[in-house]
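Visitor:
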Amino acid sequence: MGEINVQAAAMGTRILRTGIVAVLRSRDTKHYRAVVETLVDAGIDSVEFTLTTPTILDEFAALASDFRTRAAIGLGSVTTAQLARAAIDVGADFVVTPSVVDGAGEVCIAAQVPLYMGAFTPTEMTIAMRSGASAVKLFPASLAGVGYVREIRAPMPDLLIMPSGGIAVADAGHWIEAGAVAVSLGGGLVGDALGGGSLDALRARCGVALSAVQAAREAAA
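Counting from 298, one number per residue, gives the positions in the sequence shown under this note's numbering.
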């Protein structure tokens with residue numbers, strides 16, 4: 298296992314506490330502040346901005362500064378070690394990749410920043426953890442299904458898995474029940490809020506997701 302697994306804030310105390318990372322993916326950042334404010338007020342305080350938003354590296358520091366004391370704000374869709382370094386340089390609290398990325402572990406270990414590295418197969422997951430990932434981002438989770446987490450963790454019970462990709466809000470608790478330490482929720486949670494949609498509806502979805510994760514954790518205790 299990589300050096301960073303335990304050292305990098307035990308995978309991020311906020312992520313462990315709430316069990317949810319909200320993923321914001323949009324062509325621009327016009328509605329980011331309002332959406333993050335709603336997420337944080339509702340109790341979801343781990344938020345991932347993706348590098349697929351063209352201006353995000355330039356705008357990240359200003360956006361994150363508004364929430365620095367209340368939320369962990371990270372950068373995702375990191376596809377190279379150089380982009381991992383750039384994400385850390387602008388102040389990302391954590392880094393997320395869609396796949397196993399050579400060199401990203403070394404960069405994050407050096408900076409003591411949690412890394413959630415994308416993987417799909419057991420072999421990729423093992424490589425990710427040995428490369429310095431704090432946890433494995435199972436991606437795309439919707440293609441694997443909830444049972445996949447349970448089957449993977451049977452022979453590898455210490456593996457920290459965070460499913461991501463196509464997860465419905467109502468299913469968040471099922472992934473936790475299967476053994477996931479957290480879930481990454483994108484469009485199912487955010488909905489149309491990044492396009493100016495209802496923030497009240499977003500707040501309601503946050504409540505459903507948080508309740509589902511909490512109930513699953515209580516049932517497993």
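Cβ atoms here follow ideal geometry from the backbone N, Cα and C, with glycine treated the same way.
This structure is a prediction, so every number in the text was calculated from the model and none was measured.
1. Output needed for E421: all residues of its chain with C-beta closer than 6 Å, excluding positions within five of it in sequence on either side, in chain order.
2. Tell me the DSSP secondary structure of L313 in three-state form.
3. Taking its Cβ as the centre, do 16 or more other Cβ atoms sit within 10 Å of A282, making it buried, or is it exposed?
4. Please name the residue, chosen from R367, L499, L372, that lies closest to D355 on a Cα-to-Cα basis.
5. Look up P419 in the DSSP assignment and say whether it is helix, strand or coil.
6. Is I458 near A430, with beta carbons less than 8 Å apart?
7. Measure the C-alpha to C-alpha separation of V320 and I449 and round it to an integer number of angstroms.
8. Cβ of L482 within 8 Å of Cβ of I312?
9. Between A441 and L491, what straight-line distance do the alpha-carbon atoms span, to the nearest angstrom?
10. Taking the alpha-carbon positions, what's the I473 to V410 distance?
11. Starting from V344, follow the beta strand (DSSP E) in both directions and report where the run begins and ends.
12. Who are G371's beta bridge partners in DSSP?
13. Between E300 and I406, what straight-line distance do the alpha-carbon atoms span, to the nearest angstrom?
14. Taking the straight line between their C-alpha atoms, what separation do you get for S461 and F391?
15. Near A331, what residues of its chain come up, given a Cβ to Cβ distance below 7 Å and the 5 sequence neighbours on each side ignored?
16. From G388, A509, G493, pick the residue whose C-alpha is nearest to that of V480; which is it?
17. Does DSSP classify S439 as helix, strand or coil?
18. Count the other CB atoms, across all protein chains shown, that sit within 10 Å of the CB of T352; report buried if there are 16 or more and exposed otherwise.
19. Would you kindly work out how many angstroms separate the C-alpha atoms of T376 and A361, rounded to a whole number?
20. On a CA-only basis, which of S428, I370, V487 is nearest G504? Give me that one, please.
21. Check whether the Cβ atoms of S368 and V344 sit closer than 8 Å, and answer yes or no.
22. Check each candidate in V443, A506, A359 and name the one with the smallest Cα separation from G484.
23. What residue range does the beta strand (DSSP E) around L456 cover?
Guide: Result, derived from the coordinates:
1. V397
2. helix
3. This structure cannot settle anything about residue 282, because the visible part of the chain is limited to 298 through 518.
4. L372
5. helix
6. no
7. 24 Å
8. no
9. 27 Å
10. 24 Å
11. 343-347
12. E345
13. Summary for E300: the model assigns pLDDT 39, below 50, so the residue's position carries little reliability; its value from the coordinates is reported in the next sentence. Their backbone Cα atoms lie some 7 Å apart in a straight line.
14. 15 Å
15. L496
16. A509
17. helix
18. exposed
19. 21 Å
20. V487
21. Contrary to the premise, residue 368 reads as Ala rather than Ser in this sequence. Closer than 8 Å, so yes.
22. A506
23. Taken as a continuous stretch (DSSP letters only), L456 belongs to no beta strand (DSSP E), as it is neither H nor E.
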